[in-house]
Each structure stands twice: as structure tokens, then as C-alpha cells.
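Take the sequence shown: its letters are residues -18 to -1, 1 to 633, numbered as in mature numbering (1 follows the signal peptide of the UniProt record, and there is no 0). These notes are about the structure you will find just below.
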Amino acid sequence: MWRTLSIWILFIVPDIETKIKIGEPASKEEITAKIEPLTEGFGNPKEAVLQDSEGRKFCEFGDKLNKKDETLFNRRQYNCEECGQSFAWNIDLIQHQRTHWEKPYECDKCGKAFQMSSALVMHQRIHTGEKPYPCNWCVKSFSRSSDFIKHQRVHTGEKPYKCDKCGKAFSQSSDLIIHQRIHTGEKPYQCNHCNKSFSQRSDLVKHQRIHTGEKPYTCNQCNKQFSQSSDVIKHQRIHTGEKPYKCDVCGKAFSQSSDLILHQRIHTGEKPYPCNQCSKSFSQNSDLIKHRRIHTGEKPYKCNECGKAFNQSSVLILHQRIHTGEKPYPCNQCSKTFSRLSDLINHQRIHTGEKPYPCNQCNKMFSRRSDLVKHHRTHTGEKPYECDECGKTFSQSSNLILHQRIHTGEKPYPCSDCTKSFSRRSDLVKHQRIHTGEKPYACILCNKSFSQSSDLTKHQRVHSGEKPYHCGSCEKAFSQSSDLILHQRIHTGEKPYPCTQCSRSFCQNSDLIKHQRIHTGERPYKCNECGKTFSQCSAVILHQRIHTGEKPYPCDQCRRNFSRSSDLINHQRIHTGGKPYKCDACGKTFSMCTHLMDHQRIHTKEKLYQCVQCSISFSQFSDLIHHDKLHSGEDNLNMMNVGKSLYANFI
């Protein structure tokens, strides 16, 4: 288009002709500004009819010249010997020839030379700071008219340059040219170090700094250096806290426009990067590149310490912190530090209570997105992870990895304070709190602290009264899932923990451990007051109340207090008349479990209590005591002690 227009420019725009005569050629932008209004409304400039300020029309582009136009065309009598281009005026040819060799216009400030005086004038404004083109919309000024014209399109919204491939419009012709390279695939700027090519010269310049190591942009706050000006601008927002990019859906603000664009895809669901190997799509191109390595098996990032390879550079950086012990992310609420920023963000939500990820099925909130994804599978029932040893499936990959350690026996997490090892890192962290005494989870209602977050969650239900776990057989509800599982074994009769010493089985592992102490005689719990030892922790707690006189369980019907909750429950049945324990053989009901057990021996003929004096056995402990009265003296007391011991061991 420009070669064609060069014939007519001098006739269309008289002030440009004047510039040429005085040795100051018009810029391309100035010509554009004059011509564009004349061609407005035409999709293709070649179809435009040009006219001067008095309305004189010139021929249409591509049409045959008329007599008057042909005379003007024939005036092109000055030819360039270098490239063959023709000009109507000698002054135009002289200025053109300077583009081939001569740079006669030199800056007296820095010595830089230019082929045209207009270029020198514009350059000198860098030294003088002159900006003679003010915007009448805002306070900005410009040193070049072309920059001023481009800037005004920010206010007017004008986008005169349209792509004939996809219809996208641009405010600058240079942006259109760069955009069109997407369609053509043209990459005219090649790196002479690695032969990589780029569609924009600026991208080549940035790329070459990888090879040269040049970082010309310095932060004036911390002196950190960057290879790109955009990077230093983004970095400086760390110091200022500026977040100029705001989401108009949820109001969240970001320091970088690219982060806002990615965030908005959460609302729109847009995933413009599909994998050509499977059906997955991604919201970020970088995520697609990482995903493809699953198919290719590529692991280009290798650890120099141990040789382990990774498919992502970020994973290698995190891995290397295992060797260095680096934890660069400190919590400003407590003294904890973290090796990963994501871990710090998740940790800080403990302090803030923030749960930004809601479930759209049940309105439950989560502090981590990964937890929400896992939770969704409770609604869908999806279990995409299968064990190749036993076929068991899992809703989470982490659960599969932990499960596989049952088969391999792997326990990769050793405690540095004792010899114990664990199959899960979380179990090691919990265990180490035994040594450190750390209890980082505090109840906001009573300030009680816990070593595990799950214990805090369970404890908080004491205050709220929440019982979210319901039994499908009897509608009884529980505050803990583990209590529900144990309760359901009443209905199923399941006793998955057998004793290897005798034939007894138990529904809880803790009950089996307690029972095995009958066989081993182990009594690991000792009273600090009297030295008496016990096989169960709960037994020593109850025993110590003999010394302290503590009776923490009051009856709300009368004034009696009890040292054990079970005693209070049994007592309250006096008031309520409740008899929840029923004999399967005869239907008789009892208020206490021990009474039912005594009664059932009538049916089973079991005689658990034997007299040490005459070897007679009894099914009831009270019958043994009554029988003992037939004997006299000290043996009576011994017999009672033996009976009590047998009774305790049986329970």
C-alpha cells in the first residue's frame, strides 16, 4: 500500500509536501493520520478513492490512470541506483539515498548519528525532556506525534487495524503485524546462540539475556536485578503491596494481569489448552506442558545431590530443600517456617480460619482446594486409584501410596529421637509431638490445646453438641466417625481383633491390647501416690480419684456425685427406670450390663467363682460371698480378694 500511495502523497497532503521541500520528511504516522480519514469506511485501502482538501478526486487504486494522473505519474524522473525506486522530486531521492549509507545528522550530546534531521530532532528530546504533544484527555505528554496519536486511541477506543483472518482489531499497525504472525507462523527474529526464533524483536532481546546473563533492571528497594522491565515492575509490587488487577466477579485483587486472567478461568471454567493424548484440558499452557510429560515420561530436571529426576523444575527446587534444609517461608503469626509457599498459605489459614473453597453439593467449606477435590469424591463415589496387588480402589492417590506400603512394609519416615519408623509422614509429625510436647491446636472456647487438628475438631463438638455421624440401623448419632464404626459392630457382631493366646476376639484394637495384658501380666500405669500399678490408663485415673476424692460426675436429679461416668449412668437409671440390657434367652431386662452378665450364667451354667477352701464353684460373685460365711476367719477375706480379682479379669 505504501509504495502505491507514495505517488499521491504530495498531492493529497500539502503540508507534507512543504516539509519535504525544507528537508524534513514526514513520518509514516503523520502520513497515516492524514490519509486514514480519507479512506474511512472502506474495508480494503485499495478500494478507496482519495481526494484533496478541495474535494478533487484521484483515481481508485488499481484502476487505469486518467490523463491528468498519468502526467503526474510520469514526473517520477529521479531513480535510486541502489534499489531502483523512483521519485518525483530530487530532494525526495536525496533523503532516500541516505537510508543506504549516509548519517549526516549527529547529536551534539551523545554523538549518535541519524540519516534524517527529523530523526535527530526526535532523538534530542530524550536529552532535553521536551514533550511537545500533550494529550487533551489526560495529563500525559509525548515527544513524538506518532506516540501521541497511538495514545489517543486509549481514550477513543479506536482500533483501525483489523486482521483479515480472524477479525480481531488493534489500535496500532505494529500490533496487527505481530498478531498476523500467529496465523502465518512467521518468526523473523532468530537467536544467533541457539537458533531459536521469535515473532517479535522484543522477545528476541529478552531471550538473548538468558545467554548473556544481562540484568539491566534493578529494584531500588532491595537492589535485586531483573532481565526484563516488566519483571521489576511486578517485583516492586511485593514492596508496595499494590494489587491493581481486580476480579469483577468476586473482588479478589492481583499484582499481575496474568494472574487475574488465570483466576477468571475459575469463574468461566475456560480450559483453552487441550491434551492431544487424552481428554484432559487445562487453564494454563504451562500446566499442559507439565501434563504431557506424564505421557512422554520425560523428566528433564535432575538433582545434583542424589540424581533423582523430576518432570517439573518447581518440584526439583522443592526436592533440593530436603538436602539443604532451607525453609524460606516464615509464618508471621508464629515461629514456624516452611519449605513451600503453598504450605505457608495453608498453615496461615489455621490462624485466620479462612476456608475459601466451598462444596456446591453440601456447602461444606475447605481451606485447601485439594481437600475440596477429594471431598467431592464422597458425593460422586469416584475411586480412580487402584492397587495392582489386591485390586482395592481409592479416591485419593495418596491413600493408594499409603496402602501399597502394607504390601511392601515400607516405613520411610524414621523418628530422630527414638527408633520408631512410620509409613506416613503425618504419623511421624504427630509422633514427634510426644517428644517435643507441642500442642499447636488450641480451642478458642476453652483454650485447651491439642497435638493434632483432628483431636481439636472432635473436642469442639463437645461445645457445639454436633453429632454428624448417624447409625443406619438404630439412628443413634456420634460426634466421631470412629465411634460410629465401633458402634456398628454391635449390630454386625464383627470382632476383627482376635487374641493369639486364647480364643477371645474384640471389636476394638485397644480392647485387645488391654486384654493381652492379662496374659503378659504387664501393668505399665503406676499411681504416683501409693505405687500401685494398673494394666489400663483409665484404671489409674479412676484409682487416683480415691486419693484426690474427685467426683467429677454429678447427677442432675439428686445431689450425688460419682468418680466414674459409668457409675453416674448406672445411677441415673434409678431415676429413669431404664433397663437397656436384655437377655437373649428369656427376654428379661436389666439396668446394668454386669447384672445381665450375672443373669446369663443361669442359662449357660457357667460357674466363674470358685471357693479356695472347698473348690465349690458359683455363677454369681454374691453367692460365693454368701458361701464364704460357712468358712471363718482370715480365709474369708482372702476368698473375697480372689473372687474380686477373677471378676475384674473377666471384665
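All C-beta atoms, glycine included, are put in the ideal place defined by N, C-alpha and C.
| Item | Value |
| --- | --- |
| Whole-Å CB distance - residue 598 paired with residue 613, under 8 Å assumed | So it is not a contact: roughly 11 Å between Cβ atoms. |
| Given 8 Å, three or more beta-carbon pairs between the region 183 to 197 and the region 207 to 214 | yes |
| Local Cβ density within 10 Å of residue 153, reported as buried at 16 or more and exposed below that | buried |
| Inter-residue Cα distance where the pair is residue 74 and residue 95 | 20 Å |
| Residue environment, residue 438, which counts as buried when at least 16 other CB atoms sit within 10 Å | buried |
| Selection from 426, 453, 456 and 122 that minimises the alpha carbon distance to residue 442 | 426 |
| Cβ separation of residue 102 and residue 89, assumed to be a contact under 8 Å, to the nearest whole Å | 6 Å |
| Segment contact flag, the region 247 to 264 with the region 274 to 281, C-beta cutoff 8 Å, min 3 pairs | yes |
| Short Cβ contact (9 Å threshold) for residue 527 with residue 545 | yes |
| Whole-angstrom C-beta distance between residue 144 and residue 161, which should lie under 8 Å | Actually they are not in contact, since the Cβ atoms of residue 161 and residue 144 sit about 10 Å apart, beyond 8 Å. |
| Sequence-distant residues of the same chain with beta carbon closer than 7 Å to residue 280, five excluded per side | 293 |
| Spatial neighbours of residue 462 in its chain, beta-carbon cut-off 6 Å, leaving aside the 5 residues before and after | 440 |
| One or two residues paired with residue 95 in a DSSP bridge | 88 |
| Opposing strand residues paired with residue 175 [DSSP bridges] | DSSP output for residue 175 lists no bridge partner at all. |
| Terminal residues of the alpha helix (DSSP H) in which residue 370 lies | Run containing residue 370: none; DSSP gives neither H nor E here. |
| N-terminal and C-terminal residue of the alpha helix (DSSP H) that residue 441 is part of | 435 to 446 |
| Backbone CA spacing between residue 395 and residue 404 [nearest angstrom] | 5 Å |
| Unbroken alpha helix (DSSP H) run spanning residue 362, endpoints | 351 to 362 |
| Cβ-heavy atom distance, residue 446 to the ligand GTP, below 8 Å | This structure lacks the ligand GTP; in fact it carries no ligand of any kind. |
| Three-state secondary structure (DSSP) of residue 72 | helix |
| Same chain only: Cβ atoms within 8 Å of residue 64, ignoring 5 sequence neighbours per side | 79 and 82 |
| Entirely enclosed alpha helix (DSSP H) segments - the region 207 to 290, minimum 4 residues | 211 to 222, 239 to 250 and 267 to 278 |
| Burial state of residue 77 (16 or more Cβ within 10 Å) | buried |
| Alpha-carbon spacing of residue 325 relative to residue 356, whole angstroms | 18 Å |
| Contact check, residue 220 vs residue 237, beta carbons under 9 Å | yes |
| Helix, strand or coil at residue 375 [DSSP, three-state] | strand |
| Contact under 9 Å by Cβ, residue 109 with residue 122 | no |
| Euclidean distance between Cα positions of residue 448 and residue 459 | 9 Å |
| Collapsed DSSP secondary structure at residue 567 in the structure displayed | coil |
| Residue 574 (DSSP reduced to helix, strand or coil) | coil |
| Contacting residues, own chain, Cβ-Cβ under 7 Å from residue 84 (five flanking each side not counted) | 97 |
| Beta-ladder partner(s) of residue 403, from DSSP | 396 |
| Contact check, residue 320 vs residue 337, beta carbons under 9 Å | no |
| Three-state secondary structure (DSSP) of residue 23 | In this prediction, residue 23 scores a pLDDT of 37, lower than 50, which makes its location untrustworthy; the coordinate-derived value is nonetheless stated afterwards. Coil at residue 23, not helix or strand. |
| Cβ pair residue 227, residue 241 closer than 9 Å | yes |
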